[in-house]
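Reminder that position 115 of the sequence shown reads as 251 in our numbering, one-by-one numbering, no gaps. All C-beta atoms, glycine included, are put in the ideal place defined by N, C-alpha and C. Working notes, structure below.
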Amino acid sequence: MTAAPPAPPQAPGAARARPRRRRRWPWLLLVLALLIGGAVWFVLARRTGSTTAATVQTAVAQPGTVTVSVTGPGTLTASSSTVVTAVNSGTISGLPEVGDTVKQGQLLGTIRNTDYGNAVNDAQLNLERAQAQLAVQRSSQATSQASRSSSVTSARLAVQDAQTSLDSARTTLQGQQQLYAVGAVSQTDLAAAQQAVTAAQNKLTSARASLTAAQQQAQAGTQSDADNLKNQQLAVQQAQETLRQARETAGRQRVTSPLSGVVTAVNVVNGANVSENAELMTVQGTRTMLLPVQVDETEISQVQVGQLARATLDALGGQTVEGRVTKISPTATVSNNISIFTVTVQLPNPDGRLKVGMTAEAEIVIGEQSGMVVPAKAIEAVRTRNYVQVVKVAPDPQASDDAGSGVQSSSATSTVAASRLQGDPERRRVQVGLTDGNSTVVTGGLQPGETVLLPQSTRSTSGSSTSSSGTTGRGSTRGGFQRSPGGFGAPGGFPGGF
């Protein structure tokens with residue numbers, strides 16, 4: 137039997153080779169674990185993708201209101217402000233305090249000046265004196281008028297007597313002439329009769345001249361009396377006007393409020409001597425308030441005077457007050473390279489709860505429409521036409537009675553399993569109205585409670601819900617009334633889409 141050859145001698149360091157081979161096993165185990173973990177992650181990822189692909193988003197059409205608005209901040213200011221001045225000089229008293237609420241016509245102070253009272257007394261005396269002189273003038277004129285009338289009457293009677301005498305003398309002359317013709321009277325008697333007629337004529341002429349003179353004097357006296365009476369009446373009127381002005385000046389001692397509002401400044405103190413036209417105090421009108429709202433240049437074209445505006449005030453716990461746009465600034469101011477326009481909103485303030493300096497966020501309503509509301513992304517715009525995908529969703533048998541009846545909330549979109557869709561979606565043409573970018577009013581083609589399919593722009597786990605704008609939308613949207621573009625991608629698990 138042949139003996140085995142002797143083992144070759146070990147090389148130096150051969151005893152350390154075996155320990156290095158044993159240290160590779162931990163690294164091999166780590167690599168194996170990583171490979172197994174990656175495989176598990178890949179399988180789970182495929183399963184998750186499969187689950188996501190089997191869901192769709194839907195929404196229920198419900199009645200609601202869509203509002204398109206422009207918003208901006210502002211600070212309340214008074215609608216009017218008046219500086220109350222002194223209309224005369226004197227010592228003032230009875231002043232209000234800053235913050236006092238006053239009404240139009242309310243007494244705000246009294247200015248005392250004895251000179252004004254004396255002026256009233258003097259004017260009163262002058263008026264009484266003028267009135268007395270007028271009475272005397274009228275009485276004197278009445279006497280003069282009676283005297284002139286009597287003179288005219290006497291002169292007229294004298295004319296009548298002279299005329300009678302002349303007539304009698306002429307009759308006598310005619311008789312004497314007849315008698316003289318038959319020789320019954322002498323030439324002397326006839327001449328005497330003729331002289332009597334001449335004397336009577338002269339007397340009549342004189343009487344007529346006296347009547348004319350009396351009438352002229354009466355007329356002149358009447359005109360003079362009228363002029364004197366008019367002058368005295370003017371004197372009375374002047375005295376009355378002087379008294380009125382004196383009383384008006386004295387009445388200006390009462391300082392009254394020109395408007396209803398709040399006293400915001402008092403410039404004098406009680407007992408001070410003030411001069412005419414001195415600024416006494418400031419009253420700001422607060423029955424209505426003004427809210428200057430800062431609006432970006434990209435939205436100002438949508439704002440018009442008369443539009444409804446809602447102001448929300450933090451100082452009132454978020455309460456909202458409705459008003460109207462009353463003014464739009466014609467020019468912009470530039471702040472941080474942004475052009476801003478000031479829009480003035482007038483707000484009613486009957487109870488005075490709005491205060492100067494309160495900050496507010498104003499919502500200027502550009503458009504508002506009520507009707508059937510769906511999410512804006514449910515609308516598919518094809519040129520001038522609009523469509524929605526109407527679907528029927530079966531109840532979820534695994535959901536509770538409250539959540540699994542298949543009825544969706546009008547204020548949320550729902551993500552449901554595609555297997556719950558009953559039949560194929562119906563592509564239906566609809567008429568749309570106002571949109572705020574989140575919600576759109578459907579004016580025709582859709583009934584309340586019908587379910588519409590939403591484009592599958594995001595993926596989520598089956599059965600989850602995400603909130604949307606619901607049936608009442610508010611937003612700041614450029615352009616006001618818009619037709620919402622839509623479009624429907626193919627939901628997971630439905631090749632080709634709907």
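Exposed unless 16 or more other CB atoms sit within 10 angstroms - verdict on residue i
{"i": "S550", "result": "buried"}
{"i": "L370", "result": "exposed"}
{"i": "T324", "result": "exposed"}
{"i": "L165", "result": "exposed"}
{"i": "G235", "result": "exposed"}
{"i": "T422", "result": "buried"}
{"i": "L302", "result": "buried"}
{"i": "A271", "result": "exposed"}
{"i": "E435", "result": "buried"}
{"i": "Q443", "result": "buried"}
{"i": "Q352", "result": "exposed"}
{"i": "N473", "result": "exposed"}
{"i": "I500", "result": "buried"}
{"i": "L490", "result": "buried"}
{"i": "G241", "result": "exposed"}
{"i": "P533", "result": "exposed"}
{"i": "V470", "result": "exposed"}
{"i": "P484", "result": "exposed"}
{"i": "P232", "result": "buried"}
{"i": "S555", "result": "exposed"}
{"i": "Q359", "result": "exposed"}
{"i": "S411", "result": "exposed"}
{"i": "V398", "result": "buried"}
{"i": "V481", "result": "buried"}
{"i": "A168", "result": "According to the sequence displayed, residue 168 carries Leu and not Ala. Answer is exposed; the Cβ neighbour count stays below 16."}
{"i": "A298", "result": "buried"}
{"i": "G540", "result": "Unreliable positioning characterises G540 in this predicted model, as indicated by a pLDDT of 39, which lies under 50. The coordinate reading is nonetheless provided below. The residue in question, G540, is exposed, as its Cβ has fewer than 16 Cβ neighbours within 10 Å."}
{"i": "N257", "result": "exposed"}
{"i": "T203", "result": "buried"}
{"i": "L263", "result": "buried"}
8 Å Cβ shell around residue i - same chain, five flanking residues per side excluded
{"i": "T587", "result": "T194, A195, V196, A197, V526, V527, K528, V529, Q544"}
{"i": "T221", "result": "N413, A414, E415, L416"}
{"i": "G253", "result": "A386"}
{"i": "A332", "result": "A305, T308, L309"}
{"i": "P584", "result": "A197, Q198, P199, M508"}
{"i": "V321", "result": "Q312, L315"}
{"i": "L347", "result": "V288, A291, R292, A294, V295"}
{"i": "G407", "result": "T227, I228, S229"}
{"i": "G357", "result": "S280, Q281, R284"}
Cutoff 6 Å; reference residue i; Cβ partners in own chain excluding five residues on either side
{"i": "Q558", "result": "K528, A530"}
{"i": "E562", "result": "V526"}
{"i": "A354", "result": "R284, V288"}
{"i": "V372", "result": "A266, Q267, L270"}
{"i": "E458", "result": "R446"}
{"i": "T378", "result": "A259"}
{"i": "P394", "result": "T218"}
{"i": "V566", "result": "N522, V524, V578, G581, L582"}
Close-in-space but distant-in-sequence residues of the same chain around residue i (CB under 7 Å, 5 per side omitted)
{"i": "A496", "result": "G210, L212, L427, A447, T448, L449"}
{"i": "A468", "result": "E433, S475, I476, F477"}
{"i": "R390", "result": "L243, T246"}
{"i": "Q273", "result": "N364, L365, Q368"}
{"i": "A350", "result": "S287, V288, A291"}
{"i": "S465", "result": "F477, T478"}
{"i": "A345", "result": "none"}
Beta-bridge partners of residue i, as assigned by DSSP
{"i": "I172", "result": "Note: I172 sits in no beta bridge, so no partner."}
{"i": "L589", "result": "T194, Q525"}
{"i": "V566", "result": "N522"}
{"i": "L449", "result": "Q455, A496"}
{"i": "R460", "result": "L444, Q482"}
{"i": "V410", "result": "G226"}
{"i": "I247", "result": "I228"}
{"i": "V321", "result": "None, per the DSSP bridge assignment."}
Where the beta strand (DSSP E) containing residue i begins and where it ends
{"i": "D432", "result": "415-432"}
{"i": "G581", "result": "Unbroken run through G581: none, as it is neither H nor E."}
{"i": "G442", "result": "Neither: G442 is in no beta strand (DSSP E) and is coded neither H nor E."}
{"i": "V391", "result": "390-392"}
{"i": "I228", "result": "226-229"}
{"i": "A401", "result": "397-402"}
Delimiting residues of the alpha helix (DSSP H) encompassing residue i
{"i": "A255", "result": "250-317"}
Residue i CB to nearest heavy atom of the ligand ZN below 7 Å
{"i": "T462", "result": "Questions concerning the ligand ZN fall outside what the structure shown contains, since it holds no ligand whatsoever."}
If we require 3 or more residues per run, which beta strand (DSSP E) segments fall completely within the region 464-494? Unbroken beta strand (DSSP E) stretches of 3 residues or longer found wholly inside the region 464-494: 469-471, 474-484, given in chain order.
Contained beta strand (DSSP E) runs [length at least 3] in the region 195-220, N- to C-terminal order: Runs of beta strand (DSSP E) with 3 or more residues, each lying fully within the region 195-220, are found at 198-211, listed in chain order.
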